[in-house]
Structures are given as C-alpha cells and as structure tokens.
Amino acid sequence: MYILGISCYYHDAAAALLKDGELIAAAEEERFTRIKHDYDFPDNAINFCLDYAGISGNDLDYVVFYEKPFHKFERILMTSFQCFPKSWNVFREAMMTWLSDKLWVKNTIEQRIGIEHDKILFGEHHLSHAASAFYPSSFEEAAILTVDGVGEWTTTTMGTGKGTHIQLRKEIKFPHSLGLLYSAFTAFLGFKVNEGEYKVMGMAPYGKPAYVDKIYDNLIKVADDGSFWIDMDYFSYHYSDKETFNSKFEDLFGKPRMPEMHFFTSNTRFPSYFGEKPTNYGELCQENEHYADIAASIQRVTEEVLLKLVNSLHKETGLKRLCIAGGVGLNSAANGRILRETPFEELFIQPSAGDGGGALGAALHAYHGLLGKPRTFVLEHAYWGKEYSENEIKEFLDSNNISYEYFSDDEKLLDRVVDDLVAGKVVGWFQGRFEWGPRALGNRSILADPRSEEMKDLVNVKIKFREPFRPFAPVIPEENTGDFFYDGDAAAKQFPARYMLLVLPLKENKAETISAVNHMGTGRLQTIRDEWNPRYYRVVKKFGEATGVPVLLNTSFNLRGEPIVASPANAFNTFSKSGIDVLVLENFMIEK
Ligand SMILES: [Fe+2]
0 MYILGISCYY HDAAAALLKD GELIAAAEEE RFTRIKHDYD FPDNAINFCL
50 DYAGISGNDL DYVVFYEKPF HKFERILMTS FQCFPKSWNV FREAMMTWLS
100 DKLWVKNTIE QRIGIEHDKI LFGEHHLSHA ASAFYPSSFE EAAILTVDGV
150 GEWTTTTMGT GKGTHIQLRK EIKFPHSLGL LYSAFTAFLG FKVNEGEYKV
200 MGMAPYGKPA YVDKIYDNLI KVADDGSFWI DMDYFSYHYS DKETFNSKFE
250 DLFGKPRMPE MHFFTSNTRF PSYFGEKPTN YGELCQENEH YADIAASIQR
300 VTEEVLLKLV NSLHKETGLK RLCIAGGVGL NSAANGRILR ETPFEELFIQ
350 PSAGDGGGAL GAALHAYHGL LGKPRTFVLE HAYWGKEYSE NEIKEFLDSN
400 NISYEYFSDD EKLLDRVVDD LVAGKVVGWF QGRFEWGPRA LGNRSILADP
450 RSEEMKDLVN VKIKFREPFR PFAPVIPEEN TGDFFYDGDA AAKQFPARYM
500 LLVLPLKENK AETISAVNHM GTGRLQTIRD EWNPRYYRVV KKFGEATGVP
550 VLLNTSFNLR GEPIVASPAN AFNTFSKSGI DVLVLENFMI EK
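Letter 371 of the sequence shown, counting from 1, is numbered 370 in numbering that gives the first Met the number 0, and no numbers are missing.
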C-alpha cells in the first residue's frame, strides 16, 4: 500500500511516501527548485518520491494533504472581518490567492498526480504535526506537544499517543501563538520571518535577558500550566501580511534593528570579513548588545513557556516520553532545556519538525490513525532524499571537462580527506541521499577542522559570509559525546541529538579544544553512530585518530541565501563559486 503525504502553500512544501507504513522517500521542494523555503505545490518532490518507488500517481492508494484549506481560509476571512479596515490588504490578497489556487488543492492533486478524487484525504494541521512526531518514534506510548506559528486555527496542542491512536486533549488558538510571538521579534531584530528564527536563537547567548519582565508585563500572560494569552495591541500579524509588530511594540523596545547592520559585540570580536573596524566600534557594540539582550529575552520567555507546557503535560499524563513537533520544535536551545530540566526521560523530534514534516505526518496519520494499521517503522535517520549514482556523477564531471581523482578504496579517500582537514582545508562533502529537514547531517555538509577559533572566520569568509552569531555545529560520535558535553552520554542516546536539534553546554576544559564550534560555551551538536552513516562516522573517527579530537565542524553545504545542494551540479556550482578547497562527490575528489 502506497500513501503519499503533501504539505505546501504556506511554509516549506514537501512530499513523503510510505510503502506499507514505512517511509521510503521524502524531500522538501526547495532542494529541486533551488528556491529557499519554496511553498508552491511540490511537483518535483512528488515526482522524486514516485520515481524512487518506481510507481506512477495512479498506483497510489491515498494522497493526504497536511491541513484543511477551508478551515484555514475561514480563519483568514474571520480575522480579516474583525480587523477591517486595517486588514484590507490581507483580505484582498487572500481572496486572490485562495480563490484562485489554494482552496482547490484537491483538484490540483487530482490533475497533477493523476489520482481519483475519492483517494484524496485531508488531515488537520496540528494532527499532522503530532502524527509526524509520535508515529515514527520508537515509543509505544508518549505525551505529545505541538507548537508553531499557526495551522488552520490552532497554534499549540497537548495530547498523548498510544499504539496507533493519537488524542489531542488541549489546544490554544490563533492569534495567541508562541511561534508568531517569536517571529515578531525575529522581524524586529532585522531577520526574515519563517527563516531568521534560528538567528535570533544564535544571537541570544550574546545578550542578557534584561527584557523578560517587560515581555511578561506587556506582551504575554502565562498561566502555571503554560497556557498563554497574547495582547494583540502590540502586534499586527493578525491584520497585516507584511508587518508583525506595531508602533506600540516599538514604544517598548525602541527602533527595530536594521537588517543590513553588522552584528558584533565585545564577545564576538570583529570578524575580518566585515572589513575595517569602524571608528565608532564601541558605540556600535553597545547598540548590538541591546538587540542581543532582546534576543536573549524572547528566547528565555519561549523556553519558560515551553518548560511550563511540558511540565504540565507530564503532570497530567505521568508519561516518561515526549514527542514534539511544529516549527518551535526546531528551537534546539529550548529542546536542550526540556531534556535536562523536566521529568521526561526521553524526547523524540523528527528532523523536519516544521511544516515540511506535515507531509510525513499526514501520510502516517492516514495509515495508522484512519486505517488502524500497526506501527512497525521508526525514523532512525534523516537520509530520505534523492541519491545520485557514481555513473551520474562521472557523466556530469566528464561532460563538463572537470578533472578529478577517483578512489576505488573508501579508506584511501577518507585518509586523504582527513589529511586535507588537518591541513586546514575546507571540504564539501556529498554522498548518498540528501537529508530530510533543514539540517545538513553529513550527506550534504561542509566539513572543517573544529580546533581553532580562526576556522570560524575562515569558513565564513570562504563560504558563508554569515554573521558571527551563527553557530557552526560539531559532529561527534555518540561514544565520545560525554567527554565534551555536560549530560552528553545521556543526550547522545536521544533522537534530537542525532538530528542536530539539541544544544548542550560544553565542558569548560573542552571549550578551547573545539573552539570553532563553541558557541558561548554551548554546542548544537550532531551525534553519529556507525550504523546510520558509516562513511561519515569513519571520517570523524579517522580525524580523531589523527588529532586526538573526534569532532568535526559540520555546516550545511550551500551558499548564503540558497537551499542546501541536492545534485552533483548544485554541489560543483557551490564549490566553484566559493572558497571550498576540496569537493568530494561519493568517491570522486576534485581539488581547486
Ligand atoms: Fe505548522
């Protein structure tokens, strides 16, 4: 039995295909179209899934859309009416896009996939999130928390899963949304909503949470059980499609940060790639510290609300295991605190915890929740995207007259890569199927030596030109995690660690050892095990044998503002346009 899940038209569009309840292929549309966070109908991701299975659309038993478009449209219309005339633009835009396109997704699915009308099903947005978190976990029974910007009406749910049954017991509805509150601060701090949230999280450790009281006194009221109410007087996301906060919000926090303003504080140093140090450096540092304080404050409030929600969920259910989904589930700093500070002993979050993951959840909900089929599948890794054969790679290289070295012996290739890394070279690493979700986890990664602080600047100059508050992640074998991180041994056994969804404090005596991946005393680590990705594991282990440090810097293989590479052509293009020194495409090595 084949079931295809689809999510699109809001955040990341994606498709996921189940065969007899087991995931066999999943991908976000952006990887194929090269449009970051592409939310259009995911034709390419769907075709990839069908090709992978060797089937066509009419072989599918069901196609499941991840939310109910009419309910979502109802929320947009009702909110527009309530906020009229301020909401005129949202209303006009909604009428145009929803009436022409989004409402008729059933027809679009029927036409583009070639499946009969009655085989197309619709899930609910937060039920899709919940299903994406619970069904592929290894837990027979667990508590479930979903938190995002907004689905149809719901922004937060709490419930439980047992066997094939999910029950969502409590919900919080729009406009009261933790995700949209965080996004308003994201916009205020000069970043793009739905994209810059993790930059706010990265900026937070450079500030002091000086505005926490101001946020609680004015913007959000939180009960002991974590349920919350947002004072909409300060926000405009309910009536505007461009602005998320209003002048009253600015009265509280001052003028918003300019998007192009360089971020540096006395703690970040002044990166060489920002050019010459400005004459008013001290003044600019202070200004940036003010914004870092705001980032630290909203991050702290978000963590506190989540901790309250999670604690009350534990109190009500008495369960030891917790599954989280929704965009807020990607807040790896909050996840680290949930794991270390609440009574839950085990945590499951799948790598595409945002709306892209709704495609997986929708399909799983149909299979287990609606059809009642037993669970056999556990999402043990994130490698569900497209793979490119050695023949395809060779053909690409030959037809473009690119010279390369081919290694028939894996070990020899890995030794060469380790030699290059130790020599300070930056390696573009491409192998196997690309990752599901926003993180590069060793199949489309850029790897470098994590031991010197300078490597941060070097990688940024060569590839990313990113702000210094954006952390680089350490990849570390499970068995070595406890040597480097507090609670590392326990955390390494948890799924969020393997999906880079967890921030842990670095042990003080190791902070210097891996300073390129030290983010103000913490690391957003990825743990690995031989069985999930032997080649990637081997390269980290071999680096450890050569240097005594079994850790590599892993960052996503893409240029700033572009999606992570998918094909050999994308990878070579990024390699040529950047300062990456060595490109490894499976067993082919290309050097500059
Ligand atoms: Fe969502």
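The beta-carbon is built from N, C-alpha and C at its ideal position, and this holds for glycine as well.
Only a predicted model underlies this, so the values are computations on that prediction, with no experimental measurement involved.
- For Y535, same chain residues with a beta-carbon under 7 Å away, outside a window of 5 residues either side, are G441, I527 in chain order.
- Counting only runs of 4 or more residues that sit fully inside the segment 11-83, the alpha helix (DSSP H) segments are 29-32, 42-52, 68-81, in chain order.
- For H128, the Cβ falls inside the 7 Å cut-off from some heavy atom of ligand 1.
- For P504, the uninterrupted beta strand (DSSP E) run begins and ends at 502-504, by DSSP.
- Judged by DSSP in its simplified three-state form, Y205 adopts helix.
- Not one heavy atom of ligand 1 sits closer than 7 Å to the Cβ of D37.
- In the DSSP annotation of this structure, the continuous segment of the alpha helix (DSSP H) that includes M454 starts and ends at 453-458.
- DSSP, read as helix, strand or coil, puts E394 in helix.
- Beta-bridge partners assigned by DSSP to K220: W228.
- When A44, T78, S127, A24 are compared, the shortest CA-CA separation from K67 is found for S127.
- For A447, the enclosing beta strand (DSSP E) covers residues 443-447.
- Taken through DSSP and simplified to helix, strand or coil, M260 comes out as coil.
- 8 Å or more divides the Cβ of A472 from the Cβ of V458.
- With a cutoff of 8 Å on beta-carbon distance, A12 and G4 are scored as not near each other.
- Straight across, the Cα-Cα distance linking D529 with V538 is about 11 Å.
- Contact check between the segment 185-195 and the segment 251-271: three or more CB pairs, one atom from each, fall below 8 Å, which counts as touching.
- Beyond the five residues adjoining it in sequence on each side, F248 comes within less than 6 Å, by CB distance, of Y233 in the same chain, given in chain order.
- With a threshold of 16 other beta carbon atoms within 10 Å, L329 meets it and is buried.
- Counting along the chain, G522 sits inside the beta strand (DSSP E) bounded by residues 521-523.
- As computed with DSSP, Q166 is found in a beta bridge with T159.
- L503 and P135 have their C-alpha atoms some 24 Å from each other.
- Apart from sequence neighbours up to five positions away, the residues of its chain that approach K18 with a beta-carbon distance below 8 Å are M0, Y1, A52, ordered along the chain.
- In this structure W428 is buried. Its beta-carbon is surrounded by 16 or more other beta-carbon atoms within 10 angstroms.
- Take K161, set aside five residues on each side of it, and the residues of its chain with a beta-carbon closer than 6 Å to its own are E140, in chain order.
- Between the segment 416-426 and the segment 558-570 there are fewer than three C-beta pairs closer than 8 Å, too few to call the two in contact.
- I323 is the residue among S444, I323, G481, V550 whose C-alpha sits nearest the C-alpha of A129.
- Within the DSSP bridge table, the entry for K241 names no partner.
- Distances from the CA of V377 to each of I23, H10, Y8 were compared; the closest alpha carbon is that of I23.
- DSSP links W428 through a beta bridge to S444, V583.
- Bounds of any alpha helix (DSSP H) do not take in R268, whose DSSP letter is neither H nor E.
- The residue among E109, L584, E170 with its C-alpha nearest the C-alpha of I392 is L584.
- A distance below 7 Å between beta-carbons, with the five flanking residues on each side excluded, links H261 to the following residues of its chain, in chain order: F273.
- Under the 8 Å Cβ criterion, the segment 334-350 does not count as touching the segment 396-411, having fewer than three qualifying pairs.
- In this structure, Y65 sits away from Y38, with a CB-CB distance that is not shorter than 8 Å.
- With a cut-off of 7 Å, the C-beta of G326 is classified as near ligand 1, since at least one heavy atom of the ligand falls inside that distance.
- Distances taken from the Cβ of D354 to the heavy atoms of ligand 1 include one shorter than 7 Å.
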